[in-house]
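Q: Read left to right, the sequence shown gives residues 4 to 446 (our numbering). Glycine is no exception: its CB is placed at the ideal position from the N, C-alpha and C atoms. Since the structure is predicted, the reported quantities are computational estimates derived from the model, not experimental observations. Below is the structure I would like to discuss, written out as structure tokens.
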Amino acid sequence: MTAIEELSPEAQAALTEILKCTSCGLCKDVCPVFAVSHREAESPRGKVNLLQALLEEKIDSTKEGIDIFNRCLLCYACQDACPAGVKTEKLWVPARDLLAREAGAPFFKSYILRKLLSNPELAKLGYRLAKKLPGDDNRIHVRGKILPRPAQDRLDKLLPEILEARGKFQGTVLFFPGCLLTEIFPRVGYQAAELLSNLGYRVITPKKRGCCGAPQFNNGEMDVAREMASRNIELFSSLEFDAIVSPDATCGGAFHHEYDLLFPEGSPLRQRYQEVLSKVKDFGEFLYDAIFRQESLGFQPVDKLVTVHDSCHLSHSQHKADIPRRLLAFIPDLTMVESDRNELCCGFGGSYATFFPDESRKIAQRKLGYLTAGNCGVIAVGSPGCLWKLRTEAAELSLDVRINHYVEILWESLLGRPLQEQSGKSNYSQATLFDSNEDEANF
Ligand code: SF4
Ligand code: SF4
């Protein structure tokens, strides 16, 4: 057995967390993966024990160990539920990093993360080719894996690099839509930018942006994640703006948490990262403040019963689950209902949905059961990953419910109808979201 002082600083930090665990098992009650697998090894407690054994070298790193740590959504509901304060965010990614270094990451996954998605031009080509692959409206199938189907046109075809402010000028924002809103849901990305523009912001969406690097970071590919993050920091530093916002909570969270770990004190880009970080704002909070400051915006009524699905990156990681609710509360006639078990993840989990499609489907369908129990007509989400997962599984179950990003609902109320004072200001289709089933490909 290795003495703790002989371990690396990261391993020592992980072991310090592990030693807080009292084995009470309360984390198992909130773990969506354990709820469908019923395997102790895949539960948070099981993984804590496994990681301790690995760090203390009581067992060797194996492919099976890699598989177990990959069978985790990184939703961090377990962290919020733990009475002993075990910070699982200090365990699961370092475990993947450790295992990837010692036993090697799975080839296909590693290839996609390291080679394809890390290179913006190759990624663009990959998305273009992926449109032609077999599957259905929402999904493509590649060698038994499931991926979201890219939209016909990527966001940059619809949105100019600079969208000028309308009305009284409030400032300039750097808009970082993230890969899913760029490639899978460009309509939502467009609507988010258009909301900002109508609130008086000049919106810069740099064409040279790459992925934020969160998928690589979360899968233990730290060197590639750092390289991608560095490129983004360099790009952001070369532009003039007042704030950076991302309607994808995953990217917004990455700027705060993952980048902080990738550029620790003493690293060459630390200072530039901190300058950038000082301008990073949560998109929902930014939107809320911008709306709140306006005298009257003419929100049109949306007479719907809406329930909010708490996206993990907003609720467990950032503890900002109230933001979508506060935004939707601006809309007249919209009634919100709360659903049970909102701590449960939708089953997306980034690469989890791709590599464990059966388990991911079961988790999503279980969550949809809770979300639809109150007979709501609309489920609002705050992340494009949840939007894809829940929409895909609702379609699979033929559920009579709409799944929308809260951006879509706000856009519908503010800009979606030909309001007199706004007519001609939008080059977007005037079809209402609730009355049409227009999909991304038709936009
Ligand atoms: S809830 Fe916390 S203390 Fe209890 S088993 Fe899980 S990790 Fe350990
Ligand atoms: S992060 Fe989520 S999926 Fe992973 S062990 Fe914790 S509760 Fe389970």
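Would you identify the three-state DSSP class for T375, choosing helix, strand or coil?
A: Of the three classes helix, strand and coil, the one that applies to T375 here is coil, per DSSP.
Q: Could you tell me which residues DSSP puts in a beta bridge with F178?
A: According to DSSP, F178 bridges with V248.
Q: Given 8 Å as the limit, is there contact between the region 300-316 and the region 267-284, that is, 3 or more CB pairs closer than that?
A: Touching, no, given that fewer than three Cβ pairs across the two stretches are closer than 8 Å.
Q: What is the DSSP secondary structure of A367, reduced to helix, strand or coil?
A: A367 falls in the helix class under three-state DSSP.
Q: Please report the Cβ distance between A246 and V176, rounded to the nearest whole angstrom; I am assuming they are in contact, meaning their Cβ atoms lie under 8 Å.
A: The pair is a contact, with the Cβ atoms about 5 Å apart (cut-off 8 Å).
Q: Can you name the start and end residues of the beta strand (DSSP E) that Y204 belongs to?
A: Note, Y204: beta strand (DSSP E), 204-207.
Q: Who does H144 pair with in a DSSP beta bridge?
A: H144 is bridged to I149.
Q: Rounded to a whole number of angstroms, what is the C-alpha to C-alpha distance between K370 and E243?
A: So the alpha carbons of these two residues sit roughly 42 Å apart.
Q: On the criterion of 16 or more Cβ atoms from any shown chain inside 10 Å, does H408 qualify as buried, or is it exposed?
A: By the neighbour-count rule (16 or more Cβ atoms within 10 Å), H408 is buried.
Q: Is T25 near ligand 1, going by C-beta to nearest heavy atom under 7 Å?
A: True, at least one ligand heavy atom lies under 7 Å from that Cβ.
Q: The beta strand (DSSP E) that contains V309, what's its start and end?
A: Segment 308-311, the beta strand (DSSP E) holding V309.
Q: Just to confirm, is the Cβ distance from L3 to L290 under 8 Å?
A: An answer regarding residue 3 cannot be provided, because it is not within the stretch 4 to 446 covered by the chain.
Q: Could you tell me if I71 is buried or exposed, where buried requires 16 or more neighbouring beta carbons within 10 angstroms of its beta carbon?
A: That one is buried.
Q: One question on the structure: do V381 and A195 come within less than 8 Å of each other, judged by their Cβ atoms?
A: For V381 and A195, no; Cβs fall outside 8 Å.
Q: Taking C-alpha atoms, which residue in G353, V227, R142 lies nearest to A154?
A: It is R142 whose Cα lies nearest to the Cα of A154.
Q: Residues in its own chain within less than 7 Å of R234 by CB, not counting five upstream and five downstream?
A: Excluding positions up to five away in sequence, the list reads G213.
Q: Closest to E224 by C-alpha separation, out of Y373, F359, D403, K112, would be which residue?
A: The shortest Cα separation from E224 among Y373, F359, D403, K112 belongs to K112.
Q: Out of A232, F37, A257, E60, point me to the one whose CA is closest to G49's CA.
A: Comparing Cα-Cα distances from G49 to each of A232, F37, A257, E60, the minimum goes to F37.
Q: Below 8 Å, how does it come out for the region 291-305 and the region 326-340: are there three or more Cβ pairs, yes or no?
A: The answer is yes - the region 326-340 touches the region 291-305, with three or more Cβ pairs under 8 Å.
Q: Report yes if the CB atom of L238 is closer than 8 Å to the CB atom of K211, and no otherwise.
A: Going by C-beta atoms, L238 is nearer than 8 Å to K211.
Q: What's the gap between the Cα of E105 and the Cα of I115?
A: Rounded to the nearest angstrom, the two C-alpha atoms are 20 Å apart.
Q: Give the straight-line distance between the Cα atoms of D361 and V39, rounded to the nearest whole angstrom.
A: Straight-line Cα distance between these residues: approximately 10 Å.
Q: Apart from the five residues just before and just after F359, which ones in its own chain have a Cβ nearer than 7 Å to its Cβ?
A: For F359, where only same-chain residues beyond five positions count, the Cβ hits under 7 Å are R74.
Q: If you draw a straight line from the C-alpha of I236 to the C-alpha of F258, how long is it?
A: So the alpha carbons of these two residues sit roughly 10 Å apart.
Q: So does L42 have its beta carbon nearer than 7 Å to some heavy atom of ligand 1?
A: Looking at the sequence provided, one finds Arg at residue 42 rather than Leu. Every heavy atom of ligand 1 is 7 Å or more from the Cβ of R42, so no.
Q: Taking 7 Å as the cut-off, does the CB of K50 come closer than this to any heavy atom belonging to ligand 2?
A: Yes.
Q: Tell me the DSSP secondary structure of N201 in three-state form.
A: Residue state, collapsed to three classes: helix.
Q: For G138, which residues does DSSP report across the bridge?
A: In the DSSP output, where bridge partners are listed per residue, G138 has I143.
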